[in-house]
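4 protein chains.
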Amino acid sequence: MKAEDAAIPDRDRPPLGYFEGREHRFPIRVFYEDTDFSGVVYYANYLRFLERARSSFFRLAGIGHAELLERDPALAFVIRKINLDYKSSAKIDDVLSVVTTYDVFKGARLWVTQRIERGGEIILTADSEAACIDLNGRPRRAPTEMIDKLKPYLLTS
Amino acid sequence: MKAEDAAIPDRDRPPLGYFEGREHRFPIRVFYEDTDFSGVVYYANYLRFLERARSSFFRLAGIGHAELLERDPALAFVIRKINLDYKSSAKIDDVLSVVTTYDVFKGARLWVTQRIERGGEIILTADSEAACIDLNGRPRRAPTEMIDKLKPYLLTS
Amino acid sequence: MKAEDAAIPDRDRPPLGYFEGREHRFPIRVFYEDTDFSGVVYYANYLRFLERARSSFFRLAGIGHAELLERDPALAFVIRKINLDYKSSAKIDDVLSVVTTYDVFKGARLWVTQRIERGGEIILTADSEAACIDLNGRPRRAPTEMIDKLKPYLLTS
Amino acid sequence: MKAEDAAIPDRDRPPLGYFEGREHRFPIRVFYEDTDFSGVVYYANYLRFLERARSSFFRLAGIGHAELLERDPALAFVIRKINLDYKSSAKIDDVLSVVTTYDVFKGARLWVTQRIERGGEIILTADSEAACIDLNGRPRRAPTEMIDKLKPYLLTS
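And the structure:
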């Protein structure tokens, strides 16, 4: 947890989720903004949920976006490929969990497995490949300290 | 708190915020999706934060959107007027609080005062007038049980 | 084109794109709302662009969402699976084209190939599988008149 | 119109709207992404429509966001205050017009009047105050060439 977060009283701190073994679990509530006129969550908005979970995983592991951007060169993590399988749909007021594992980290690339659940039911699965890039979009080997922070959560070969 | 929420373990339940006197306080974290290329939160996205807070206030007070829609006639709460004053700007990873009071409830109309804070600093103030409407957009007197649930939080004259 | 659209003067009518053979081409401009603090378009927002293009293709072919929803049973088209390959990134003020082909329509399912270009450069490719569903989420054979309207644009076997 | 825009064939160029006297008129179509489960456009999304229109006005007048950001110091236009009056609601597939006038430009501040119409019906009115700022959020006198470009559209005293 970052220093500034630690200074914030519990009840004023939005949750970052928690780890269960290698799995990071992140809670989401569905609000008006997430739905469309067909009555369920708009298909692009699940990607917002997935990103919130990935960012919170990073943050829990001690990695902040702002710090990456302050490095020289400035770095960011971006999704290069993602395969989405919409299995069911979420509705207003639903409580969801985004379950994330960071599987393999190799050079600039990070393979990620995610799913969104409501209770035990799977709403969506998502397999993605992220890359560490500089602000010109060029792949950059991730900083060693960052790899070290993620290592405990990666698949061991 | 709604029954289905109570059944969800604490750490899997997204926060609904809490009351301090008449003030409802709701925590928000700023994610990628909320920002724009100028580096700060996009001006329309604060309205999403404000709505999440108003909905969570309702929910904490025992009022759910889904239930309102299942009434006959189906009802919804919508914003009719809102005055926004952007005093500062929020950035990626910021932890914000949305502070909401429901001030006066009269017929179909509800007057709302909100502000968004980061620590003690005010980012935005918002005064709005909400209305209870049916699905044809006609104002409808709010259900008595709903008014009763909100009464403890309203201004007393 | 729908009747109500035809009544709107040209310069007040947002473009629905146009066909070049089987390919539908749809223009998009990147606005503030589409970008994030890293300076480029947020990854979920490309799915909004893809959907605008698919909806406009439908509309140009004479199929409107509102009409589908007014049928008995009410119908909607939803994405079941989508594979996204982010090859480059778009920036504020960019003019993009979304290129869409509807390839195969079988029962309730429709296979779609899309790409987003800037000039000749490919920003994103997307292969998806859409389904015609009723409002309970059950797959429904698409209406014959709808299949007939799309037939000229499908792959011939 | 910017040079790169001029190079794009008409049918691949998203509309920037047009002027009728001092009024800029900008066409919008309502897509899935804009609506919420209540069946109409989500209240925050009208602010995205308003910004698209303001940006397109700027662009038609020869002012681009990218160019402002490349100045030294980098500049951006932000909304400081906005009063919104939601008079009706827009639905999926609707064709809307955003009507914008830039009224008074004084130092760093610009007063803007906007409304969103569907046919002759007013959906929303919005009065706002924009400011020219540097990237630290400090108000900056707008560049003279920018004021000159907007002058023909301002109120004359």
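Protein chains in written order, with our numbering: chain A, 41 to 197; chain B, 41 to 197; chain C, 41 to 197; chain D, 41 to 197. Cβ atoms here follow ideal geometry from the backbone N, Cα and C, with glycine treated the same way. Everything numeric in this text was worked out from a predicted model, so none of it was measured.
Task: Buried/exposed call for Ser128 (chain C), threshold 16 Cβ in 10 Å - done: exposed
Open item on the list: Assuming Asn85 (chain A) is part of the alpha helix (DSSP H), what are its boundary residues?
Closed with: Asn85 to Leu100
Task: Cutoff 8 angstroms: Tyr86 (chain A) Cβ touching any chain B Cβ - done: no
Task: Lys189 (chain A) in three-state terms, based on DSSP - done: helix
TODO: Please look up how many angstroms separate the CB atoms of Val139 (chain B) and Glu63 (chain B), rounded, as I've assumed it's under 8 angstroms.
DONE: 5 angstroms
TODO: Please state if the CB of Ile173 (chain D) and the CB of Ala116 (chain D) are separated by a distance shorter than 8 angstroms.
DONE: yes
- [ ] Please state if the CB of Phe89 (chain B) and the CB of Leu136 (chain B) are separated by a distance shorter than 8 angstroms.
- [x] yes
TODO: For my contact list, Val70 (chain D) and Asp143 (chain D) are in at a C-beta cut-off of 8 angstroms; report their separation, rounded to the angstrom.
DONE: At roughly 27 angstroms, the Cβ-Cβ gap does not stay under 8 angstroms, so Val70 (chain D) and Asp143 (chain D) are not in contact.
Open item on the list: I need the DSSP call for Thr184 (chain D), collapsed to helix, strand or coil.
Closed with: helix
TODO: Name, please, each residue of chain B whose Cβ falls closer than 8 angstroms to the Cβ of Pro67 (chain A).
DONE: Arg51, Asp52, Arg53 and Pro54
Task: Within-8 angstroms CB hit, Met41 (chain C) to chain D - done: At Met41 (chain C) the pLDDT is 45, less than 50, meaning the model places this residue with poor confidence; the figure from the coordinates comes in the next sentence. Output row for Met41 (chain C): interface = no.
Task: The beta strand (DSSP E) enclosing Ala166 (chain B), as first and last residue numbers - done: Glu161 to Asp174
TODO: Going by CA-CA distance only, name the one from C:Met186, C:Tyr193 and C:Leu195 that's closest to Glu107 (chain C).
DONE: C:Met186
Task: Cutoff 8 angstroms: Phe97 (chain C) Cβ touching any chain D Cβ - done: no
- [ ] My understanding is that Asp52 (chain C) touches Pro192 (chain D), with C-beta atoms under 8 angstroms, so please give their C-beta distance in whole angstroms.
- [x] The Cβ separation is near 22 angstroms, so there is no contact.
Task: Contacts of Gly79 (chain B) in chain D (Cβ-Cβ under 8 angstroms) - done: Leu175
Open item on the list: Rounding to the nearest angstrom, what Cα-Cα distance links Phe59 (chain A) and Thr184 (chain A) in this structure?
Closed with: 22 angstroms
Open item on the list: Could you check whether Gly57 (chain C) and Leu87 (chain C) sit closer than 8 angstroms to each other, using their CB atoms as the reference points?
Closed with: no
Task: Same chain, Cβ closer than 6 angstroms to Arg155 (chain C), five either side skipped, listed in chain order - done: Val139, Ile162 and Thr165
Open item on the list: If we define contact as Cβ-Cβ less than 8 angstroms, is Ile132 (chain D) a contact residue for chain E?
Closed with: The chain labelled as chain E is not found among the protein chains of the depicted structure, namely A, B, C and D.
Task: First and last residue of the uninterrupted beta strand (DSSP E) at Ala116 (chain B) - done: Leu115 to Tyr126
Open item on the list: Using a Cβ-Cβ distance cut-off of 8 angstroms, determine whether Gly104 (chain B) contacts chain A.
Closed with: yes
Task: 8 angstroms Cβ cutoff, Ile122 (chain C) in contact with chain D - done: no
Open item on the list: Excluding the 5 residues flanking Met41 (chain D) on each side, which residues of the same chain have their C-beta closer than 6 angstroms to its C-beta?
Closed with: Residue placement at Met41 (chain D) is poorly supported in this model, since its pLDDT is 44, which falls under 50; the coordinates are not used for a value here.
- [ ] Can you check DSSP and say which residues form a bridge with Arg65 (chain D)?
- [x] D:Tyr58 and D:Val139
Open item on the list: In the DSSP output, which residue or residues are listed as bridge partners for Thr75 (chain A)?
Closed with: A:Val81
Open item on the list: Tell me the residue span of the alpha helix (DSSP H) that contains Leu195 (chain C).
Closed with: No alpha helix (DSSP H) contains Leu195 (chain C), which DSSP labels as neither H nor E.
TODO: Hey, could you find the ends of the beta strand (DSSP E) Ile103 (chain B) is sitting in?
DONE: No beta strand (DSSP E) holds Ile103 (chain B); DSSP gives it neither H nor E.
TODO: Indicate whether at least one CB of chain B lies closer than 8 angstroms to the CB of Tyr126 (chain D).
DONE: yes
- [ ] Give the straight-line distance between the Cα atoms of Gly104 (chain A) and Arg94 (chain B), rounded to the nearest whole angstrom.
- [x] 29 angstroms
TODO: Could you please give me the residues that DSSP links to Ile156 (chain B) through a beta bridge?
DONE: B:Val138 and B:Leu164
TODO: Give me the Cα-Cα distance between Arg92 (chain B) and Val80 (chain C), rounded to the nearest whole angstrom.
DONE: 26 angstroms
TODO: Could you pull out every residue in the same chain whose Cβ sits closer than 7 angstroms to the Cβ of Ala114 (chain C), ignoring the five residues on either side in sequence?
DONE: Asp174 and Leu175
- [ ] Using three-state DSSP, classify Glu178 (chain A) as helix, strand or coil.
- [x] The question names Glu, yet the displayed sequence has Arg at residue 178 (chain A). Three-state DSSP puts Arg178 (chain A) in coil, outside helix and strand.
Open item on the list: Let's test the definition: count the other Cβ atoms within 10 Å of the Cβ of Leu124 (chain B) and tell me whether it reaches 16, buried, or not, exposed.
Closed with: buried
Open item on the list: Below 8 angstroms on C-beta distance, what does Glu110 (chain D) contact in chain A?
Closed with: The contacting residues do not exist; Glu110 (chain D) stays about 15 angstroms from chain A at best.
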